[in-house]
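Q: Convert by adding 64 to the 1-based position in the sequence shown; the result is the number in my numbering.
Glycine included, every Cβ here is placed at the ideal spot set by N, Cα and C.
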Amino acid sequence: MTSPYQAAHERSLNDPEGFWGDAAKEITWTKPATKVLDDSNAPLYRWFTGGELNTCYNAVDRHVEAGRGAQTAVIYDSPITGTKRTITYAELLDEVSRFAGALAAKGVGKGDRVILYMPMIPESVVAMLACARLGAVHSVVFGGFAAHELATRINDAKPKAIIAASCGLEPNRTVAYKPMVDEAIRVAEHKPETVVVYQRPQCQAELQAGRDYDWAALVADAAPAACVPVAATDPLYILYTSGTTGQPKGVVRDNGGHAVALKYTMAALYDVQPGDVFWAASDVGWVVGHSYIVYGPLLHGCTTVVFEGKPVGTPDAGTFWRVIEEHDVKVLFTAPTAFRAIRREDPNGEFLKKYSTKSLTALFLAGERSDPETLKWAEQMLNVPVIDHWWQTETGWAICGNPKGIELFPVKHGSPTKAMPGWNVQVLGEDHQPVAPTQIGALVCKLPLPPGTLPTLWNAEQRYRDAYLTEYPGYYKTGDAGFVDDDGYVYVMTRTDDVINVAGHRLSTGAMEEVLAQHPDVAECAVIGVADDLKGQTPLGFVCLKAGVDRDDADIVKELVKLVRDEIGPVAAFKQAVVVKRLPKTRSGKILRGTMQKMADNQDVKVPPTIDDPDILPEIEDALEAIGLGKKRG
Numbered sequence: 065m066t067s068p069y070q071a072a073h074e075r076s077l078n079d080p081e082g083f084w085g086d087a088a089k090e091i092t093w094t095k096p097a098t099k100v101l102d103d104s105n106a107p108l109y110r111w112f113t114g115g116e117l118n119t120c121y122n123a124v125d126r127h128v129e130a131g132r133g134a135q136t137a138v139i140y141d142s143p144i145t146g147t148k149r150t151i152t153y154a155e156l157l158d159e160v161s162r163f164a165g166a167l168a169a170k171g172v173g174k175g176d177r178v179i180l181y182m183p184m185i186p187e188s189v190v191a192m193l194a195c196a197r198l199g200a201v202h203s204v205v206f207g208g209f210a211a212h213e214l215a216t217r218i219n220d221a222k223p224k225a226i227i228a229a230s231c232g233l234e235p236n237r238t239v240a241y242k243p244m245v246d247e248a249i250r251v252a253e254h255k256p257e258t259v260v261v262y263q264r265p266q267c268q269a270e271l272q273a274g275r276d277y278d279w280a281a282l283v284a285d286a287a288p289a290a291c292v293p294v295a296a297t298d299p300l301y302i303l304y305t306s307g308t309t310g311q312p313k314g315v316v317r318d319n320g321g322h323a324v325a326l327k328y329t330m331a332a333l334y335d336v337q338p339g340d341v342f343w344a345a346s347d348v349g350w351v352v353g354h355s356y357i358v359y360g361p362l363l364h365g366c367t368t369v370v371f372e373g374k375p376v377g378t379p380d381a382g383t384f385w386r387v388i389e390e391h392d393v394k395v396l397f398t399a400p401t402a403f404r405a406i407r408r409e410d411p412n413g414e415f416l417k418k419y420s421t422k423s424l425t426a427l428f429l430a431g432e433r434s435d436p437e438t439l440k441w442a443e444q445m446l447n448v449p450v451i452d453h454w455w456q457t458e459t460g461w462a463i464c465g466n467p468k469g470i471e472l473f474p475v476k477h478g479s480p481t482k483a484m485p486g487w488n489v490q491v492l493g494e495d496h497q498p499v500a501p502t503q504i505g506a507l508v509c510k511l512p513l514p515p516g517t518l519p520t521l522w523n524a525e526q527r528y529r530d531a532y533l534t535e536y537p538g539y540y541k542t543g544d545a546g547f548v549d550d551d552g553y554v555y556v557m558t559r560t561d562d563v564i565n566v567a568g569h570r571l572s573t574g575a576m577e578e579v580l581a582q583h584p585d586v587a588e589c590a591v592i593g594v595a596d597d598l599k600g601q602t603p604l605g606f607v608c609l610k611a612g613v614d615r616d617d618a619d620i621v622k623e624l625v626k627l628v629r630d631e632i633g634p635v636a637a638f639k640q641a642v643v644v645k646r647l648p649k650t651r652s653g654k655i656l657r658g659t660m661q662k663m664a665d666n667q668d669v670k671v672p673p674t675i676d677d678p679d680i681l682p683e684i685e686d687a688l689e690a691i692g693l694g695k696k697r698g
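1) Measure the C-alpha to C-alpha separation of Asp298 and Gln640 and round it to an integer number of angstroms.
2) Helix, strand or coil for Arg162, going by three-state DSSP, please let me know.
3) If Val395 and Ala430 are in contact, beta carbons under 8 Å, what's the gap, nearest whole angstrom?
4) The alpha helix (DSSP H) with Val315 in it runs from where to where?
5) Using DSSP bridges, identify the partner residues of Thr152.
6) Under the three-state reduction of DSSP, which class applies to Met557: helix, strand or coil?
7) Thinking Thr136 and Thr367 are a contact (beta carbons under 8 Å), I'd like their distance in whole angstroms, please.
8) Between His212 and Val251, what straight-line distance do the alpha-carbon atoms span, to the nearest angstrom?
9) Give the straight-line distance between the Cα atoms of Tyr359 and Phe428, rounded to the nearest whole angstrom.
10) Classify Gly18: buried if its beta carbon has 16 or more other beta carbons within 10 angstroms, exposed otherwise.
11) State whether the stretch 368-379 contacts the stretch 534-544, with contact taken as three or more CB pairs (one from each stretch) at a distance under 8 Å.
12) Excluding the 5 residues preceding and the 5 following Glu685 in the sequence, name in chain order all residues of the same chain whose CB lies nearer than 6 Å to its CB.
13) Does DSSP classify Ala225 as helix, strand or coil?
14) Please classify Arg317 as buried or exposed, where buried requires at least 16 neighbouring CB atoms within 10 angstroms.
15) Look up Phe342 in the DSSP assignment and give the residues it is bridged to.
16) Here's the rule I'm using: 16 or more other beta-carbon atoms within 10 Å means buried, otherwise exposed. How should Arg697 be labelled?
17) Considering only DSSP beta bridges, list what Tyr301 is partnered with.
18) Cα-Cα, which of Asp246, Lys95 and Thr329 is closest to Pro256?
19) Is the Cβ-Cβ distance between Thr301 and His354 less than 9 Å?
20) Helix, strand or coil, according to DSSP, for Tyr181 in the structure here?
21) Note down, one range per segment and in chain order, each alpha helix (DSSP H) of at least 4 residues found wholly within the stretch 407-470.
22) Spatial neighbours of Ser161 within its chain, please: C-beta separation below 6 Å, excluding the five flanking residues on both sides.
23) For Met557, count the other beta carbons within 10 Å of its own beta carbon; 16 or more makes it buried, fewer makes it exposed. Which is it?
24) Look at the Cβ atom of Asp392, then the Cβ atom of Ser346, and state whether they are nearer than 9 Å.
25) Can you tell me whether Ser652 is helix, strand or coil according to DSSP?
26) Which residues bound the alpha helix (DSSP H) around Ile620?
27) Of the choices Leu521, Thr401, Leu363 and Asp410, whose alpha-carbon is the least far from that of Asp380?
28) Is Ala134 near Thr152, with beta carbons less than 9 Å apart?
29) What residue range is occupied by the uninterrupted beta strand (DSSP E) comprising Val635?
30) Closer than 7 Å by C-beta to His477: which residues in its own chain qualify, once you throw out the five before and the five after it? Chain order, please.
31) Between the alpha carbons of Leu101 and Leu472, how many angstroms are there, rounded?
32) Under 9 Å between the Cβ atoms of His569 and Trp350?
33) Please look up how many angstroms separate the CB atoms of Val292 and Lys174, rounded, as I've assumed it's under 8 Å.
34) Would you be able to state if there are at least three C-beta pairs under 8 Å between the stretch 212-232 and the stretch 175-187?
35) For a quick check, are the C-beta atoms of Met660 and Gly694 less than 9 Å apart?
36) Closer than 6 Å by C-beta to Ser652: which residues in its own chain qualify, once you throw out the five before and the five after it? Chain order, please.
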C-alpha cells in the first residue's frame with residue numbers, strides 16, 4: 065500500500081505539472097499560467113510562465129477581502145525594548161499600501177530594486193511587502209553587515225532607493241545604521257536616489273537634504289498604492305549569499321513559484337492552518353526570515369511573530385518559553401545554535417518550568433546540522449516532535465524534512481529525514497555515478513528543481529550555471545556531502561567547499577582571507593572553521609607575516625580582528641588568528657585547510673600524501689596549542 069508521503073513524492077517527480085498545477089490553485093492569479101513547467105530553455109527551467117499575480121495581494125489583501133481583516137497578522141515582541149504590538153491583517157494592509165504609496169511618490173516602480181537595511185521590527189515586514197506590492201525587487205541586507213559589504217550589494221543591485229532604520233539594538237548596545245549607510249553610499253559607484261529612514265527612539269539619524277526622507281513624514285502625505293500585477297517569472301527579491309567580498313552572489317527569487325511553494329509548505333511540512341501562530345526565530349536579513357517570518361505565514365493566513373531579542377540574555381534563557389506561552393505559538397522554527405545557547409545556560413530546564421508550552425506542536429530546526437545531543441535535549445524538554453530539516457538560501461525552502469502535515473516519520477538523530485515532494489535527491493561519487501546506500505558522496509538534486517528555488521543569480525547567468533549546474537550535468541550541486549540510508553533518510557555531513565556555518569549563517573572563508581590579506585604586514589593567510597559547541601563553527605585565521613616585520617604578534621592579531629569586523633561585520637564572529645611561519649600546502653601549492661581544520665578540532669590527522677613539507681605540521685600544532693586548540697596526529 066502506498067503511503068501518503070510516497071504518493072505525494074512520486075507524483076511530484078512523475079507529474080510535476082499536475083502536482084504543482086494543483087498547488088497553484090491555492091494562490092490568487094490575475095492571469096493563469098499558460099505553462100506550469102517551462103523546459104524550453106533547459107537547464108534553466110521556469111515555473112508558471114505566462115501567469116501573472118501580486119505576492120503582496122496574496123499575503124495581505126485577499127485575507128482582508130475574505131473577511132479575516134480582524135485576525136492578527138503580525139505579533140511584535142521585543143524584550144530588548146520592552147515593546148509588544150499586534151497588527152491585524154486590515155491594519156497591515158493599511159500600513160503596507162500607504163508605505164507603497166510613499167515609495168511610488170519617490171519614483172519606485174515595477175522592476176526597480178530597493179535595498180533594505182533593517183532590524184527585527186514590523187516596519188521591516190511592511191517595507192518588504194510594500195516593494196512586492198509595487199512590483200519592485202527588494203534586497204534585504206542584514207543590519208550587522210559593514211559598510212563595505214553593503215556597498216558591494218549597492219553596486220550589484222543598483223537600487224533606486226534604500227530603506228533603513230536609524231539603528232538596530234543588541235542586548236547591551238545600540239548599533240547606529242545610518243552612518244554605515246552613508247559610508248556605503250560614499251564608497252559605492254552606484255548612488256541611490258532616495259534613502260528612507262525609519263527613526264527609532266533609541267537613536268535619531270541625521271538626514272541629508274535632498275536625498276534622505278523621514279519614513280513617518282513620507283507616509284503621512286502618501287496616498288495608498290494598489291497592487292501591481294507582475295509576471296510569475298519576474299523577480300520578487302534578491303538575497304545575497306556567501307561569495308567573495310568583491311563578488312556578491314545574488315540569489316533571485318521569482319514571484320509565482322515562490323508563492324506556490326511556500327503556501328504548500330505551511331500545511332505539508334509545518335502542519336499549520338490559517339489562523340495559527342507561527343514563529344520563525346530568525347532575522348529578515350536571512351532566507352529563513354524571508355520565507356518563514358514574512359511570506360510563508362502570511363501567504364497561508366497565519367499569524368507571524370517578529371521577535372527582537374536573543375534566546376538567552378533578553379533577559380534570560382526562558383524568553384523563548386515566555387513568547388510561546390504568551391502568544392500561543394503552535395510551531396517554532398529556529399537554528400540549533402539557539403537551543404545550544406539555551407541548553408548551556410539552563411541544562412535542567414528550570415526556566416521552562418515557569419511557563420506553559422502546551423500550544424506548541426512541533427519544533428523545527430535548520431540553518432546548520434542539528435547535533436544529536438541538542439536535538440535529544442529539546443525532545444526531552446518540550447515533549448513534541450523536534451524536526452531537523454535541510455535547505456539553503458538558494459532553495460528557499462526545505463530540500464529534506466519530516467513532512468508533518470503529510471506523514472510524520474520516526475526521527476533519526478542526525479538526519480533531516482527524507483526528500484520533500486518536488487525534490488529528487490541523489491548521492492554521486494567522484495565518477496558522477498550514484499553510490500550505494502550509506503556511502504558518502506556529493507548530495508545533488510535532479511533537475512528541474514521545484515518551484516520557489518533560484519532560477520538564476522542576479523545579472524550573472526553564467527556564474528549561476530558554473531556554480532550550480534555544470535559540475536554534475538542534469539543536477540543541481542548543493543555543495544554539501546552526505547549519504548542516504550536504506551530507509552531513504554538523507555544525512556548531510558559537511559560542506560564540500562570552504563563555506564563555514566557560524567550560528568546558522570553561511571560565511572565564506574575566502575571572503576575573510578581577502579580581508580586579512582589587505583593588512584600591510586600579512587604575506588599569506590588562510591581561514592578555517594573550528595568546531596564550536598555554541599555556534600557550530602567559528603573562524604580561525606592563520607597568517608604568515610612579510611619578511612622584516614618586527615612587531616608584536618598580539619598587536620597584529622588585534623588589527624586583523626578589527627579589519628574583519630569593519631569589512632564584513634560582527635556577524636563573521638572573527639575573534640582569533642595565529643601567526644605562523646608557513647602554511648601547509650600540497651606540491652601544487654594548495655593550502656591544506658582541511659588538514660588544519662582537523663588538527664584544530666582535535667581529530668586524528670593522517671599526513672596527506674600530497675603535502676609539500678610535512679615538517680610544517682608540528683609548527684601548526686604548536687600554534688594551535690598556544691590558543692587552547694589541538695589535535696592528535698596519526
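A: Quick answer:
1) When rounded, the distance between both Cα atoms is 43 Å.
2) Looking at Arg162 - three-state DSSP - the assignment turns out to be helix.
3) With 8 Å as the limit, Val395 and Ala430 do not qualify as a contact, their Cβ atoms being about 13 Å apart.
4) That residue, Val315, is in no alpha helix (DSSP H); its beta strand (DSSP E) goes Gln311 to Asp318.
5) DSSP lists Thr136 as partners of Thr152.
6) DSSP, reduced to helix, strand and coil, places Met557 within a strand of the structure shown.
7) Taking 8 Å as the upper bound for CB-CB distance, Thr136 and Thr367 are in contact here, some 5 Å apart.
8) Looking at the backbone, the Cα of His212 and that of Val251 are separated by about 8 Å.
9) The alpha-carbon atoms of Tyr359 and Phe428 are separated by roughly 17 Å.
10) Residue 18 lies beyond the stretch modelled for the chain, which goes from 65 to 698, so this question has no answer here.
11) Touching, no, given that fewer than three Cβ pairs across the two stretches are closer than 8 Å.
12) For Glu685, where only same-chain residues beyond five positions count, there are no Cβ hits under 6 Å.
13) Three-state result, Ala225: strand.
14) Flag for Arg317 reads buried.
15) Per DSSP, Thr368 and Val395.
16) Below a pLDDT of 50, predicted positions are generally treated as unreliable, and Arg697, at 43, falls in that range; no measurement from the model is reported.
17) Assignment of beta-bridge partners to Tyr301 by DSSP yields His202 and Arg317.
18) Ranking the options by Cα distance to Pro256, first place goes to Asp246.
19) Here the sequence assigns Tyr to residue 301, which means Thr is not the residue at that position. It is a contact, given that the beta carbons lie within the stated cut-off.
20) Secondary structure of Tyr181 (DSSP, three-state): strand.
21) Fully enclosed alpha helix (DSSP H) runs of 4 or longer: 436-446.
22) Once the five neighbours on either side are set aside, the close Cβ partners of Ser161 are Pro288 and Ala289.
23) Classification for Met557: exposed.
24) It is not a contact, given that the beta carbons lie outside the stated cut-off.
25) Confidence in Ser652 is poor, its pLDDT being 49 and thus under 50, which makes the residue's placement unreliable; the coordinate value appears in the next sentence. Shown here, Ser652 sits in coil according to DSSP, grouped into three states, outside any helix or strand.
26) Segment Asp617 to Glu631, the alpha helix (DSSP H) holding Ile620.
27) Comparing Cα-Cα distances from Asp380 to each of Leu521, Thr401, Leu363 and Asp410, the minimum goes to Asp410.
28) Yes, the pair counts as a contact, with Cβ atoms nearer than the cut-off.
29) Per DSSP, Val635 belongs to no beta strand (DSSP E) and is neither H nor E.
30) If you ignore the 5 residues before and after His477, its C-beta comes within less than 7 Å of the C-beta of Pro436, Leu439 and Lys440, all in its own chain and listed in chain order.
31) The straight-line gap from Cα to Cα measures roughly 29 Å.
32) Contact: yes.
33) Sure, about 5 Å apart at Cβ, within 8 Å.
34) Per the Cβ contact rule, the stretch 175-187 is in contact with the stretch 212-232 (3 or more Cβ pairs under 8 Å).
35) No; because the gap between Cβ atoms is not below 9 Å, this pair is not in contact.
36) With a pLDDT of 49 at Ser652, under the threshold of 50, the modelled position of that residue is not reliable, and no figure is offered here.
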